[in-house]
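Position 100, counted from 1, in the sequence shown is what the working numbering calls 799; the numbers after and before it change by one each time, with no gaps.
Ideal Cβ placement from N, Cα and C applies to all residues, glycine included.
All values derive from a computational prediction rather than experimental measurement.
In what follows, a single structure is set out as structure tokens and then discussed.
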Amino acid sequence: MENKEAFIKRQAEPLRFLIISASLRTGSLNTQLAKLAAQVIEKNGNKADYANMSEFDCPSFNGDLESKGIIPPGAEEFRKRLLANDAFIITSPEYNGSIPGFLKNAVDWVSRFRPQPFNERNALLMSASPSMAGGNRALWSLRIPFEHLGARVYPNMFSLATAHKAFTPEGNIADATLAKRFEDNLIAFSSLVEAVKNYPCIKKAWVEFLGERPDPVTERVE
Ligand SMILES: Cc1cc2nc3c(=O)[nH]c(=O)nc-3n(C[C@H](O)[C@H](O)[C@H](O)COP(=O)(O)O)c2cc1C
Numbered sequence: 700m701e702n703k704e705a706f707i708k709r710q711a712e713p714l715r716f717l718i719i720s721a722s723l724r725t726g727s728l729n730t731q732l733a734k735l736a737a738q739v740i741e742k743n744g745n746k747a748d749y750a751n752m753s754e755f756d757c758p759s760f761n762g763d764l765e766s767k768g769i770i771p772p773g774a775e776e777f778r779k780r781l782l783a784n785d786a787f788i789i790t791s792p793e794y795n796g797s798i799p800g801f802l803k804n805a806v807d808w809v810s811r812f813r814p815q816p817f818n819e820r821n822a823l824l825m826s827a828s829p830s831m832a833g834g835n836r837a838l839w840s841l842r843i844p845f846e847h848l849g850a851r852v853y854p855n856m857f858s859l860a861t862a863h864k865a866f867t868p869e870g871n872i873a874d875a876t877l878a879k880r881f882e883d884n885l886i887a888f889s890s891l892v893e894a895v896k897n898y899p900c901i902k903k904a905w906v907e908f909l910g911e912r913p914d915p916v917t918e919r920v921e
């Protein structure tokens, strides 16, 4: 049991958020949204560790590479940054109604580490698109691998519609109601991460299917 001073010090420490733009494009709308999220996080007294998916770039997953012990440096970096932060936020484009392929590929590589780094990590999903739906279908698609991997995906997601017209020249969201919603969502997510970090009350084992028993054959159970 830690003493009172140590407990108070832990509470006072800023939370660390890995904020990833999942677009490789210069001038990306999702990068703009990710950078705005980083500003909101910092403004509220926490730390933002901004990353672009280009830092986590991986060759197409191939089990032969893995069995030879070859791990792409991008996957190592992704894992390192996940572990160095308390939670992660992804702003992702929607490609053909789903997740960009390079993002899913990097998640597949990272999912092979043990302990599996997404397990029990809190995640917030956001998207931006010129379309009227703001790329929201990509976020529903992203939930599937992340929830499968045991990430705690925050229920509220944020999708910026007509994003090519949504920002002010300074990079803020022009519509005041939407800007407030964006900020409120980040603050609510931060509060949850703070509670999870500082007031742990329950520990759960991650299993792929209810009733499953740890078994080396299924491999992913920890
Ligand atoms: C291969 C491809 C598929 C796309 N599919 C969709 C789509 O299904 N839904 C959508 O809203 N936008 C789609 N778009 C348009 C992107 O939303 C748009 O290019 C956006 O600006 C990409 O995000 P970024 O600005 O962060 O790079 C697609 C773009 C590409 C290149």
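Simplified DSSP assignment, three categories, for residue i
i, result
"residue 669", "Limits of the chain in this structure are 700 at one end and 921 at the other, which puts residue 669 out of reach."
"residue 921", "The predicted position of residue 921 is uncertain, since its pLDDT is 42 and thus under 50; no value can be drawn from it."
"residue 822", "strand"
"residue 889", "helix"
"residue 661", "As displayed, the chain neither begins before 700 nor continues past 921, which places residue 661 out of reach and without an answer."
"residue 777", "helix"
"residue 827", "strand"
"residue 881", "helix"
Cα-Cα separation, residue i to residue j
i, j, result
"residue 741", "residue 847", "30 Å"
"residue 862", "residue 801", "22 Å"
"residue 920", "residue 818", "Interpretation of residue 920 is limited by its pLDDT of 42, a score under 50 that renders its predicted location unreliable; no figure is taken from the coordinates."
"residue 930", "residue 865", "Any property of residue 930 remains undetermined from this structure, which presents the chain solely from 700 to 921."
"residue 832", "residue 825", "12 Å"
"residue 696", "residue 855", "Because the chain in this structure spans residues 700 to 921, residue 696 falls outside the shown range and cannot be described."
"residue 764", "residue 775", "14 Å"
"residue 788", "residue 815", "18 Å"
"residue 705", "residue 897", "11 Å"
"residue 868", "residue 724", "19 Å"
beta-carbon residue i near ligand 1 non-hydrogen atom, thresh 8 Å
i, result
"residue 834", "yes"
"residue 730", "yes"
"residue 862", "yes"
"residue 795", "yes"
"residue 865", "no"
"residue 762", "no"
"residue 842", "no"
"residue 736", "no"
"residue 753", "no"
"residue 726", "yes"
"residue 827", "yes"
Whether residue i touches residue j by CB criterion (9 Å)
i, j, result
"residue 760", "residue 777", "no"
"residue 892", "residue 786", "yes"
"residue 799", "residue 827", "no"
"residue 894", "residue 852", "no"
"residue 859", "residue 838", "no"
"residue 734", "residue 870", "yes"
"residue 751", "residue 730", "yes"
Counting only runs that start and end within the segment 831 to 861, where is the beta strand (DSSP E) found for 3 or more residues in a row?
Qualifying beta strand (DSSP E) stretches, in chain order: 857 to 859.
Let me know the alpha helix (DSSP H) ranges lying completely inside the segment 706 to 768, each 4 residues or longer, listed in chain order.
Those alpha helix (DSSP H) runs which fall completely within the segment 706 to 768 and span 4+ residues are 728 to 742 and 762 to 766.
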